[in-house]
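Under my numbering, think of the first position of the sequence shown as 3, with each following residue one higher.
Beta carbons: idealized from backbone N, C-alpha and C, even for Gly.
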Amino acid sequence: MRTFIKIHPEDSVAVALTPLPAGTALQVEEQSVTLLEDIPQGHKFALTLIPAGGPVIKYGAPIGAAKADIPAGSWVHTHNVKTGLGEVLDYAYEPDSAPLMPTDDVLFQGYRREDGRAAVRNEIWIIPTVGCVNDVARAIEQQAQRFRTGSIDGIFAFPHPYGCSQMGDDQENTRKILAGLINHPNAGGVLVLGLGCENSNIDELKPYIGQWNEDRVKFLVCQESDDEIADGVALVEQLARYAGRFRREGISCGELVIGMKCGGSDGLSGITANPTVGAFSDLLISKGGTTILTEVPEMFGAETLLMDRCENERIFADTVQLINGFKDYFTRHGQTIYENPSPGNKKGGITTLEDKSLGCTQKSGSAPVTGVLAYGECVQRQGLNLLSAPGNDLVASTALAASGAHIVLFTTGRGTPFACPVPTVKIASNSALAAKKRNWIDFDCGVLVEDGTVEELGRRLFDFVLETASGKRVKAEEAGFHDMAIFKQGVTL
């Protein structure tokens with residue numbers, strides 16, 4: 003069993019793969035290191051003296067600077083490392099990427115929609131335009147379960163607190179996200195449920211939806227109905243008859259769009275789970291598929307690695323705007339751009355935002371960046387796309403779904419039960435979490451501590467995603483969990 007890993011030849015720290023007691027003597031390449039302190043799993047220890055003010059190197063890049071001299075064998079964490087990041091920066095385009103070599107296509111068993119798009123689920127979604135009708139949506143969902151027959155995979159309501167008393171970008175965000183979900187191919191039928199007097203009422207929302215199939219999308223204004231629950235159930239019955247005509251068939255994996263997100267990381271996330279997702283992303287893209295990476299604040303400190311992989315200067319400029327635009331959002335609200343990771347992240351071994359970001363971006367693999375998406379914008383280009391959304395798990399995952407992701411891959415070192423509107427695959431960075439929370443975790447990347455390679459595990463994850471796309475329910479689906487959250491930035495009236 004491997005007890006530690008030096009990730010990059012130039013690193014000044016290594017990471018404990020298991021708890022290592024003080025006094026343990028380790029041979030790291032050609033040097034001997036004796037641990038001066040206990041090192042928890044996922045945490046770092048110094049391989050050589052790191053002088054005060056000197057860079058702490060992990061993943062081959064600085065993750066911060068030493069607050070004081072850090073002797074070889076010492077625990078390296080928040081007590082002796084500070085961030086080295088600043089504010090809004092200027093960037094230069096220094097391209098350093100090449101297209102992936104194509105690999106053979108593989109089919110999954112999905113649904114072909116009338117407009118030609120592929121889907122991995124055939125569900126009926128009830129989408130409120132405003133939080134005032136959330137309970138009505140839930141009541142319709144409950145009473146309509148009798149229509150879940152044949153090829154209907156589920157009937158779900160997606161309550162949220164917005165749609166009224168919003169201004170500017172907030173109202174725009176709500177309309178874009180709702181429209182993105184209404185148009186999502188995983189929904190074989192959609193009931194759009196309005197109140198009637200809200201800012202984002204159905205008539206206001208329709209231009210954002212664009213053209214729609216009247217058999218697939220139904221509208222109900224509660225204030226215009228004598229019995230909105232009975233009328234809603236009747237409309238769901240019509241939607242079920244329409245959606246029930248779809249059957250699974252073989253579809254190229256090149257039509258899959260997969261979102262990538264991490265949350266509640268630990269010190270193994272950037273070593274096991276995130277690189278495995280990166281290997282998966284490269285494999286899917288090599289077959290013509292598409293992946294979307296988001297949570298922009300967790301790109302801070304690693305953004306130049308993504309910028310250098312932009313396929314042209316226009317996409318590079320879009321990426322610069324993506325990063326600096328999000329930094330401006332922080333400063334407009336008087337917040338520190340380079341805030342330390344969450345308490346759970348720090349407990350798991352993540353020291354600075356650079357540490358978190360360099361691990362986070364491992365999910366992007368090595369493919370060129372082919373597109374940059376605004377919040378609420380639907381993906382258009384095959385390959386690796388970057389999406390503007392915050393790090394919050396529910397907000398970012400909902401944004402991935404609204405941008406067209408069929409499935410979201412969610413890596414975690416801490417565990418979480420939530421799910422977004424599309425199948426949300428929970429990927430554990432450590433086997434202890436996978437064993438303890440079998441009802442949450444779908445895929446264990448902690449096995450890399452024992453044996454195997456990232457490439458091999460990435461191929462296994464690819465097979466798991468194809469099974470999921472073909473109808474295998476993930477743990478959150480088995481539990482009946484479906485959530486959504488919208489990015490709120492401004493004033494509520």
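So the candidates are the options; which of them puts its Cα closest to the Cα of residue i?
i, options, result
"Gly266", "Phe420, Asn441, Phe248 and Pro370", "Phe420"
"Ala74", "Asn82, Gly55 and Ala48", "Ala48"
"Thr1", "Ala404, Ala242 and Arg247", "What the structure shows of the chain is the stretch from 3 to 495, and residue 1 is not part of that stretch, so it cannot be assessed."
"Lys365", "Leu87, Asp233 and Gly261", "Gly261"
"Lys348", "Glu379, Ala281 and Asp268", "Asp268"
"Phe302", "Pro392, Gly170 and Thr293", "Pro392"
"Arg177", "Gly212, Gly190, Glu143 and Ile157", "Gly212"
"Leu19", "Glu12, Ser34, Asp40 and Glu32", "Asp40"
"Asp444", "Leu463, Gln173 and Leu450", "Leu463"
"Leu222", "Cys312, Ile142, Pro187 and Met309", "Ile142"
"Leu237", "Gln29, Lys428, Val194 and Arg247", "Val194"
"Met309", "Gly406, Gly118 and Thr321", "Thr321"
"Pro42", "Pro21, Glu230, Pro53 and Asn203", "Pro21"
"Val381", "Gly198, Ala407, Glu356 and Lys358", "Ala407"
"Gln145", "Cys312, Leu375 and Val235", "Val235"
"Gly492", "Glu174, Ile9 and Ile72", "Glu174"
"Leu91", "Leu375, Ala304, Val135 and Ala189", "Ala304"
"His79", "Ile204, Glu315, Lys358 and Gly378", "Lys358"
"Cys312", "Tyr95, Lys477, His10 and Ala159", "Tyr95"
"Val279", "Val374, Ile429, Trp127 and Ile9", "Ile429"
"Thr274", "Gln33, Gly385 and Asp453", "Asp453"
"Val259", "Lys474, Gln384, Glu300 and Ala54", "Gln384"
"Arg247", "Asp233, Asp217, Glu226 and Ala232", "Asp217"
"Phe149", "Arg243, Gln337 and Thr292", "Arg243"
"Ala376", "Ile317, Pro423 and Cys422", "Ile317"
"Asn326", "Gly170, Val298 and Gln337", "Val298"
"Leu386", "Ile287, Asp465 and Phe328", "Ile287"
"Glu230", "Asn136, Thr292 and Tyr113", "Asn136"
"Glu116", "His186, Gly170, Ala70 and Pro209", "His186"
"Glu300", "Lys474, Gly336, Thr292 and Phe328", "Phe328"
"Gly291", "Asn314, Glu257 and Ala319", "Glu257"
"Trp77", "Leu37, Ala70 and Pro57", "Leu37"
"Ile9", "Lys46, Glu32, Val35 and Gln33", "Lys46"
When the distance is taken between beta carbons, is residue j closer than 7 Å to residue i?
i, j, result
"Val83", "Thr353", "yes"
"Ala139", "Pro163", "no"
"Leu435", "Gly417", "yes"
"Cys224", "Val108", "no"
"Ala245", "Ile339", "no"
"Ser399", "Lys263", "yes"
"Asp13", "Lys490", "no"
"Gly44", "Gly66", "no"
"Ile409", "Thr494", "no"
"Leu207", "Ile129", "no"
"Tyr93", "Leu360", "no"
"Ala281", "Gly133", "no"
"Leu324", "Ser390", "yes"
"Asn276", "Thr151", "no"
"Leu270", "Ser431", "yes"
"Leu241", "Gly191", "yes"
"Gly272", "Gly350", "no"
"Leu411", "Ala487", "no"
"Gly448", "Ser472", "no"
"Ala54", "Ala63", "no"
"Tyr210", "Ala232", "no"
Please look up how many angstroms separate the CB atoms of residue i and residue j, rounded, as I've assumed it's under 8 Å.
i, j, result
"Val122", "Pro345", "Contact flag wrong, Cβ pair sits at about 35 Å."
"Met3", "Val456", "Not quite, the Cβ-Cβ distance comes to about 17 Å (not below 8 Å), so this is no contact."
"Val17", "Ile7", "5 Å"
"Asn201", "Gly165", "7 Å"
"Gly52", "Ile72", "Correcting the residue identity first, residue 52 is Ile in this sequence and not Gly. 4 Å between Cβ atoms; contact."
"Leu285", "Thr105", "7 Å"
"Thr131", "Asn203", "6 Å"
"Phe110", "Leu468", "5 Å"
"Val476", "Val427", "5 Å"
"Ile157", "Gly378", "Wrong, their Cβ atoms sit about 25 Å apart, outside the cutoff."
Taking 8 Å as the threshold, find out whether the stretch 9-26 comes into contact with the stretch 246-253 through three or more Cβ pairs.
Result no; under three Cβ-Cβ pairs closer than 8 Å.
Touch check for the stretch 91-109 and the stretch 368-376: three-plus C-beta pairs under 8 Å?
Judged by Cβ distances under 8 Å, the stretch 91-109 makes contact with the stretch 368-376, as three or more pairs qualify.
Just checking, does the stretch 441-459 make contact with the stretch 320-340 on the three C-beta pairs under 8 Å criterion?
no
Which ranges would you report for the beta strand (DSSP E) in the stretch 379-403 if only whole runs of at least 3 residues count?
385-389
List, from N- to C-terminal side, the beta strand (DSSP E) runs of 3 residues or more that fit wholly inside the stretch 286-334.
292-295
Could I get the ranges of all uninterrupted alpha helix (DSSP H) runs contained in the stretch 424-485, with 4 residues as the minimum, in chain order?
433-438, 456-471 and 477-480
Note down, one range per segment and in chain order, each beta strand (DSSP E) of at least 3 residues found wholly within the stretch 147-182.
Listed in chain order, they are 156-159.
With a floor of 3 residues, list each beta strand (DSSP E) that falls wholly inside the stretch 56-85, ordered by position along the chain.
Segments of the beta strand (DSSP E) lying fully in the stretch 56-85: 57-60 and 63-68.
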